[in-house]
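If you read the protein sequences in the order shown, they are chains S and G. Per this note's numbering, residue 1 is the first one in the first sequence, and the count goes up by one each step. Per this note's numbering, residue 252 is the first one in the second sequence, and the count goes up by one each step. Step one of this worksheet: look at the structure below.
There are 2 protein chains.
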Amino acid sequence: MTGLCIGLDPDPKKIPAHYGTGAEGMENFIESVIESTSHVARAYKPNFAFFEQYGPEGVNVLYGLRDMIPIEIPIIGDAKRGDIGNTSRAYARSVFHTMHFNAITVNPFMGSDSVRPFLEYEGTTVYVLALTSNAGSADFQRSLCGSELMYKRVIKSSIAYAIDQPGTVGFVVGATHPDELREIRDMVPESPLLIPGVGAQGGDAAAIVAANNGGPAFINVSRGILYATTESDHASQTRMKAEEYAKILNQ
Amino acid sequence: MTGLCIGLDPDPKKIPAHYGTGAEGMENFIESVIESTSHVARAYKPNFAFFEQYGPEGVNVLYGLRDMIPIEIPIIGDAKRGDIGNTSRAYARSVFHTMHFNAITVNPFMGSDSVRPFLEYEGTTVYVLALTSNAGSADFQRSLCGSELMYKRVIKSSIAYAIDQPGTVGFVVGATHPDELREIRDMVPESPLLIPGVGAQGGDAAAIVAANNGGPAFINVSRGILYATTESDHASQTRMKAEEYAKILNQ
C-alpha cells in the first residue's frame, strides 16, 4: 500500500522563468504543479525551508496551501521540528491548527517531551526521523547506542511515546537505504512510513516498493517531478513525470 | 565572559491584555519587551515556534525583528533546524540572508551535510544542540554511542564540520546540567555556548556562571523576564527583572 507523495520544494534558481519571479512567481509555480499532479498525488509534502527563504510572502503561500490542495489529499508538513515541551506544543499548533496540515515530520534528538506534544492531535500522523536519506545519516543515526543502532532505538522509543496518544506515529526512512527499510518494515509492519530520496537523491522507486513489503507508506519525489524542465511546457512535462512515478508508486 | 540573552517566546495565553490580541498584540508586546530590556540585553533569542503559531502575521513580526532590535545586539534565531544539504542551505539563507540574524540553533541528528551549510556565512555563529535543558535529553543525547556519550560525540563531530568554514560553531548546553556544563567547558574552552534553562526551567543563574568558567557564553532567560506580571505595569516589571538577571549574568 504505497502512494506517491510529491515534495513541494520551490527553488528560486530552478523555477521556470514564465512563472515570474519572487514569491509571486513561486506561488504560480506551486499552483501549476498542484494542478498538473493532483489527479495522481496521494499526498503533498511542502518543505518549509523552501518557503521560508522567500520571506513573509513565501511563508504566506505555505500557510495558504490547504486552500490550494484538494481537501481529500493529505498535506505532510516537512518541518523536522522538535524542541522542549512548550515549544513543540507551539510548533504543533502552528502546523495542525493554524495551517490545517494532516501530518508533520519531527526530529527526535531532544527526546520524549519534544516528540509527545505533536501526538496530541487526533487524526494526524507524526513522522519521526529514523534513518534519513542523506550521507550524514551515518554520523549519529547509524551509530551503535548501547546495544542497538540509534535509529532502531528511536523507533522503539517513539512507539512508546505514542501509546495512548490520539495522533499516529510513523517514521521517515530514506529511499537510499533499501536493506534497512526492509528490516524496519519487519520491526513495524503497520506503521506509516514516509520514504523520501527517490529520483534526484538516487533511490530506486521499484526497489523501494518491494522493500516496503506492502506496508502503509508514502514515497516522496520532489526534484524528479518539480524540475522536469525549465521550458514553457513545464506544466505538461510535470504531469507526465508525476504519472510515470505514480504508475510505479501508487500500489 | 557571560551575557544575558533574552528569549522572545510570545505566548498568546500569557501576554498581558493591555497589549491587545492576535499578531498585533504580540508585536506590541515584543516591542515593549525590547524597549524595556535593550539596555541590558547582550543578545535576543526569538523562538520561531512562538511566532509561527500566529500564522503569517506572526511570522512577519519575526522577519521584522532585525529592524526592531538595536543593530549592535546580536539576534540568535532559535530555530533548531537541520535537514539534507539543499534544505539546510535554504534554512540558512532564510535566517542569515532574509532575516539578517547573527546566529542560529541547529539540530545535528541528520549529521555532517545537515550542519555544514549553516557554517557558510562569515561572521555568524551556529549553535549546535549538544545537551538540551529538557528531561528528554536523557533519551538520546546522554546515551552511550560507541565509547562515548552522544552529546560529546556531537561536540567533537561539529568541531570537525566547522574546520575551514567561515562561520563559527558553538553549542547549546542546558542550564539544568551544571556538572556537564563544567565538563563541556573543559572540552571546548573557547567555543561560544548558548545556555538556556535559567528561570522557569529551574537552572540557577549564579551556578551556571561559575560552571561556565569564564568562557564565551550567552545565558538565556525567557519566561522569567517576559512574563513577570500580567498587570499594566508589565513594561517596568520586565525592565526590573531583566536588570536583576543582568547583574548576575553580564560578567
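Note that beta-carbon positions come from the ideal geometry of N, C-alpha and C, so glycine has one too.
Item                                                                                                                     : Value
Chain-ordered residues of the stretch 60–75 of chain S with a beta carbon less than 8 Å from chain G                     : Asn60 and Tyr63
Glu35 (chain S) versus Lys247 (chain S) - alpha carbon distance                                                          : 18 Å
Neighbour list for Thr383 (chain G) in chain S, Cβ cutoff strictly below 9 Å                                             : Asp83, Ile84, Phe109, Met110, Gly111 and Ser114
Pro359 (chain G), DSSP secondary structure in three states                                                               : helix
Under the three-state DSSP convention, the category Gly328 (chain G) falls into                                          : strand
Residue-chain proximity (Asn253 (chain S), chain G), Cβ-Cβ < 8 Å                                                         : Any answer about residue 253 (chain S) is impossible in this case: the structure gives chain S only from 1 up to 251.
Residue from S:Phe109, S:Asn213, S:Arg66 and S:Met110 whose Cα sits closest to the Cα of His97 (chain S)                 : S:Arg66
Selection from G:Gly336, G:Gly374, G:Glu275 and G:Asn353 that minimises the alpha carbon distance to Pro417 (chain G)    : G:Gly374
Distance CB(Phe74 (chain S))-CB(Ala103 (chain S)) smaller than 8 Å                                                       : Per the sequence shown, residue 74 (chain S) should be read as Pro rather than Phe. It is a contact, given that the beta carbons lie within the stated cut-off.
Contact set between Pro307 (chain G) and chain S, taken where Cβ atoms lie within less than 7 Å                          : Pro56, Val59, Asn60 and Tyr63
Contacting residues, own chain, Cβ-Cβ under 6 Å from Gly203 (chain S) (five flanking each side not counted)              : Ala175, Thr176 and Gly197
Asp113 (chain S) classed as buried or exposed, judged by whether at least 16 other C-beta atoms fall within 10 angstroms : buried
Terminal residues of the alpha helix (DSSP H) in which Val310 (chain G) lies                                             : Pro307 to Tyr314
First and last residue of the uninterrupted alpha helix (DSSP H) at Thr489 (chain G)                                     : His485 to Leu500
Start-to-end residues for the alpha helix (DSSP H) that takes in Asn212 (chain S)                                        : Ala205 to Asn212
Nearest to Ser339 (chain G) (by Cα), restricted to the options G:Arg367, G:Val312 and G:Gly328                           : G:Arg367
Spatial distance of Lys241 (chain S) from Leu313 (chain G) (CA atoms)                                                    : 37 Å
Three-way DSSP call (helix, strand, coil) for Glu399 (chain G) in this model                                             : strand
Straight-line gap, Glu495 (chain G) to Leu259 (chain G) (C-alpha atoms, nearest Å)                                       : 18 Å
Coil, strand or helix - Pro117 (chain S) by DSSP                                                                         : helix
Residues near Asn47 (chain S) by beta carbon distance below 8 Å, same chain, minus five either side                      : Gly7, Leu8, Asp9, Asp78 and Ser222
Test item: CB-CB of Met110 (chain S) and Gly82 (chain S) under 8 Å                                                       : yes
Met263 (chain S), buried or exposed, once every other Cβ within 10 Å from all chains shown has been counted against 16   : Beyond the ends of chain S as shown, which are 1 and 251, falls residue 263 (chain S); an answer cannot be given.
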